[in-house]
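Heads up: the structure comes next, in structure tokens.
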Amino acid sequence: METLTEWMSIGWLAEFVNDYDWVWPICEIFHFLGMTLLIGTVGFLDLRILGFIKAVPIASLEKLIPVGVMGFVFNFVTGFIFVAGNPSGGPGAYLANTAFQLKMVLILIAGANLLAYYVLGVARAAEAVPVGGDAEPAAKVVAVVSLIAWFGVIYFGRMVMYNDTLLYAFGL
Amino acid sequence: MLQLLEAIENSALPTFIRESPSLFAYTLVLSLHAMGLAVVVGLSTAIALRLLGVAAQVPLAPLGPLFRVMYAGFWVNALSGLGLLAANATGMLANPLFYVKIAFVVGGVLVMRLLRNNVFNTSLAAGGSVPESARKLAMASLGCWGAAIIAGRLTAYPYLIEYYFGL
Numbered sequence: 000m001e002t003l004t005e006w007m008s009i010g011w012l013a014e015f016v017n018d019y020d021w022v023w024p025i026c027e028i029f030h031f032l033g034m035t036l037l038i039g040t041v042g043f044l045d046l047r048i049l050g051f052i053k054a055v056p057i058a059s060l061e062k063l064i065p066v067g068v069m070g071f072v073f074n075f076v077t078g079f080i081f082v083a084g085n086p087s088g089g090p091g092a093y094l095a096n097t098a099f100q101l102k103m104v105l106i107l108i109a110g111a112n113l114l115a116y117y118v119l120g121v122a123r124a125a126e127a128v129p130v131g132g133d134a135e136p137a138a139k140v141v142a143v144v145s146l147i148a149w150f151g152v153i154y155f156g157r158m159v160m161y162n163d164t165l166l167y168a169f170g171l
Numbered sequence: 000m001l002q003l004l005e006a007i008e009n010s011a012l013p014t015f016i017r018e019s020p021s022l023f024a025y026t027l028v029l030s031l032h033a034m035g036l037a038v039v040v041g042l043s044t045a046i047a048l049r050l051l052g053v054a055a056q057v058p059l060a061p062l063g064p065l066f067r068v069m070y071a072g073f074w075v076n077a078l079s080g081l082g083l084l085a086a087n088a089t090g091m092l093a094n095p096l097f098y099v100k101i102a103f104v105v106g107g108v109l110v111m112r113l114l115r116n117n118v119f120n121t122s123l124a125a126g127g128s129v130p131e132s133a134r135k136l137a138m139a140s141l142g143c144w145g146a147a148i149i150a151g152r153l154t155a156y157p158y159l160i161e162y163y164f165g166l
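Each protein sequence line maps, in turn, to chains A and B. Note that numbering that gives the first Met the number 0 gives residue 55 to position 56 of the first sequence, counting from 1, and the numbers run on in steps of one. Note that numbering that gives the first Met the number 0 gives residue 128 to position 129 of the second sequence, counting from 1, and the numbers run on in steps of one.
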């Protein structure tokens, strides 16, 4: 953790965030816009895999995934700025924050889930589902994990600033 | 007026939302507001991008039922937003950015209505190219929701708005 804190301590970035009061809100705006791109595309694909709007081919919705990845990149970059440029407590304050840790775990789960979808042949089977057809159970598991993970990311993302509330609720 | 707003703020439910340390109070309402936003703006954006030519393989005609999900997201946000507003009525209603945000949300919902009633019910059902009017609505949708997010985020920084824009 200390190594990670040290590695994330980027002097010029912290100074930049500190010197210009508009940097933080602008990053927040992009963090929200990126979230909508990610949920709007990945969530849409998940809904179809789960059987909603079956007239849309699964393979066609996968063409929206690059938009979701773009949203994730927005959020990775702005999120990195939040952590590395944190004016109160530096990166250490984020890395020690329980809500932030849970958010990162859920992002890793969502990422591994997406990787599993493409690497384990689940996507190939899903793409072969005909118009109006039902996806395989494996694809549905991926879709459910994806929805839970990403909405969990939103929840714990919002909880970062209210970590005390989270800890209090769990008696910590 | 101020007295009325204070009375609302200090009534039972708004006080609970604002002050209870429970996970089912302020933080839940705030999180729901972000999740509903992701649903209504996310799917609106996906539809708008598709109308503008992104992922052109996605057939437009069957997308109608998506609007039910978008409206569900919208209502989650209307209710959670009302809760957040009641919990901080004096602060929010004195914030110029709040009115800007609401104006763009109203615009976004009107565009969503027009898309549902005028585009996804008729002209696209037969397939073929996207009419110019639908492309304009798609751009209006992206613009309204984007502006609503920008203004909404900035309601948390009234001092910056005052400093830079004198509002």
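For each residue, glycine too, the CB sits at the ideal point set by N, CA and C. Just so it is clear, the structure is predicted and the values come from calculations on it, not from any experiment.
Starting from the beta carbon of Ser140 of chain B, find every residue of chain A whose beta carbon is closer than 8 Å, and list them in chain order.
-> Against Ser140 of chain B, chain A offers no close residue; the least beta-carbon distance is about 12 Å (beta-carbon pairs closer than 8 Å).
Met34 of chain B at chain A interface by Cβ criterion, 7 Å = Contacts with chain A at 7 Å (Cβ-Cβ) include Met34 of chain B.
Can you give the beta carbon distance from Ser79 of chain B to Gly35 of chain B, rounded, assuming they're within the 8 Å contact cut?
-> For a cut-off of 8 Å, the C-beta gap from Ser79 of chain B to Gly35 of chain B is around 6 Å, short enough to register as a contact.
Could you give the C-beta distance for Glu161 of chain B and Ala88 of chain B, rounded to a whole number, given that I count them as a contact under 8 Å?
-> Beta-carbon to beta-carbon, Glu161 of chain B and Ala88 of chain B are separated by about 20 Å, too far to satisfy the 8 Å threshold.
Residue ranges of each beta strand (DSSP E) within the stretch 63-143 of chain A, 3 or longer = You should have found no qualifying run.
Using the rule of at least 16 other Cβ atoms within 10 Å of the residue's Cβ for burial, across every protein chain shown, is Glu1 of chain A buried or exposed?
-> Exposed.
Roughly how many angstroms separate the alpha carbons of Gly70 of chain A and Val99 of chain B, rounded to a whole number?
-> Cα-Cα distance, rounded: 25 Å.
Among B:Leu92, B:Gln56, B:Leu12, which residue has its Cα nearest to the Cα of Gln2 of chain B?
-> If we check each option's Cα against that of Gln2 of chain B, B:Leu92 comes out closest.
Grab me the residues of Leu94 of chain A's own chain with a C-beta within less than 8 Å of its C-beta, minus the 5 sequence neighbours each way, in chain order.
-> Correct list, in chain order: Met0, Leu3, Thr4, Met7, Val82, Gln100.
Over what stretch of residues does the alpha helix (DSSP H) that includes Arg17 of chain B continue unbroken?
-> 11-18 is the span of the alpha helix (DSSP H), which, as asked, contains Arg17 of chain B.
Taking only beta-carbon atoms, is Arg47 of chain A less than 7 Å away from chain B?
-> Residue-level contact check: Arg47 of chain A does not touch chain B, since none of the beta carbons of chain B fall below 7 Å from its beta carbon.
Sequence-distant residues of its chain with Cβ nearer than 7 Å to Gly50 of chain A (five each side left out) = Apart from the 5 residues on each side of it in sequence, Gly50 of chain A sits with its Cβ closer than 7 Å to the Cβ of Asp133 in its chain, given in chain order.
Using three-state DSSP, classify Trp21 of chain A as helix, strand or coil.
-> Residue state, collapsed to three classes: coil.
Could you spell out where the alpha helix (DSSP H) holding Gln2 of chain B opens and where it closes?
-> Taken as a continuous stretch (DSSP letters only), the alpha helix (DSSP H) holding Gln2 of chain B covers 1-8.
Exposure of Pro61 of chain B, with buried meaning 16 or more beta-carbon neighbours within 10 Å | Burial call: buried.
Inter-stretch contact at 8 Å, needing at least 3 Cβ pairs: the stretch 15-24 of chain A / the stretch 45-63 of chain A = Here the stretch 15-24 of chain A does not lie against the stretch 45-63 of chain A, with fewer than 3 beta-carbon pairs under 8 Å apart.
Is the CB of Ser59 of chain A under 7 Å away from at least one CB in chain C?
-> Annotation note: the requested chain C is absent from the structure, which comprises protein chains A and B.
Chain B residues whose Cβ lies nearer than 8 Å to that of Val55 of chain A | Against chain B, the beta carbon of Val55 of chain A has neighbours under 8 Å at Val57, Pro58, Pro61, Leu62, listed in chain order.
Where Asn186 of chain B falls: helix, strand or coil (DSSP) = Past the boundaries of the shown model lies residue 186 of chain B; chain B is included only from 0 to 166, so the question cannot be answered.
How about Tyr156 of chain B: is its C-beta nearer than 7 Å to some C-beta of chain A?
-> Yes, because at least one Cβ of chain A sits closer than 7 Å to the Cβ of Tyr156 of chain B.
Under 8 Å from the C-beta of Val40 of chain B: neighbouring residues of chain A = Within 8 Å Cβ-Cβ: Thr35, Gly39.
First and last residue of the uninterrupted alpha helix (DSSP H) at Phe73 of chain B = Annotation: the continuous alpha helix (DSSP H) that includes Phe73 of chain B extends over 65-86.
For the stretch 15-32 of chain B and the stretch 156-168 of chain A, state whether three or more C-beta atom pairs, one from each stretch, are separated by less than 8 Å.
-> A contact exists between the stretch 15-32 of chain B and the stretch 156-168 of chain A.
Cutoff 7 Å: Arg152 of chain B Cβ touching any chain A Cβ = Judged by the 7 Å Cβ criterion, Arg152 of chain B is in contact with chain A.
Contact set for Met34 of chain A: own chain, Cβ-Cβ below 6 Å, skip 5 residues either direction = Taken in chain order, the list of residues that qualify is empty.
Min CB distance Thr89 of chain B to chain A below 7 Å | Judged by the 7 Å Cβ criterion, Thr89 of chain B is not in contact with chain A.
Nearest to Val41 of chain A (by Cα), restricted to the options A:Ile28, A:Ala148, A:Ala92, A:Val118 = Out of A:Ile28, A:Ala148, A:Ala92, A:Val118, the CA that lies nearest to the CA of Val41 of chain A is found in A:Ala148.
State the start and end residues of the unbroken alpha helix (DSSP H) segment that holds Ala47 of chain B.
-> Its alpha helix (DSSP H) spans residues 25-50.
Contact belief for Ile148 of chain B with Ala86 of chain B at Cβ below 8 Å, rounded distance in angstroms | Actually they are not in contact, since the Cβ atoms of Ile148 of chain B and Ala86 of chain B sit about 21 Å apart, beyond 8 Å.
Closest Cβ-Cβ distance between Tyr167 of chain A and chain B: below 7 Å?
-> Yes, Tyr167 of chain A counts as interfacial toward chain B.
Use the C-beta contact count for Met0 of chain B: other C-beta atoms within 10 angstroms, 16 or more gives buried, fewer gives exposed.
-> With fewer than 16 other beta carbons inside 10 angstroms of its own, Met0 of chain B counts as exposed.
Val141 of chain A vs Asn112 of chain A beta-carbon contact at 7 Å | Their beta carbons are under 7 Å apart, which means Val141 of chain A touches Asn112 of chain A by this criterion.
Skipping 5 residues on each side, what residues in its chain have a beta carbon closer than 7 Å to that of Val128 of chain A?
-> Result list for Val128 of chain A: Ile57, Ala134, in chain order.
Proximal residues of chain B, C-beta to C-beta of Val66 of chain A below 7 Å | Within 7 Å Cβ-Cβ: Leu48, Val53.
Give a single yes or no on whether Leu107 of chain A has its beta carbon closer than 6 Å to a heavy atom of the ligand ZN.
-> Annotation note on the ligand ZN: not contained in the displayed structure, which lists no ligands.
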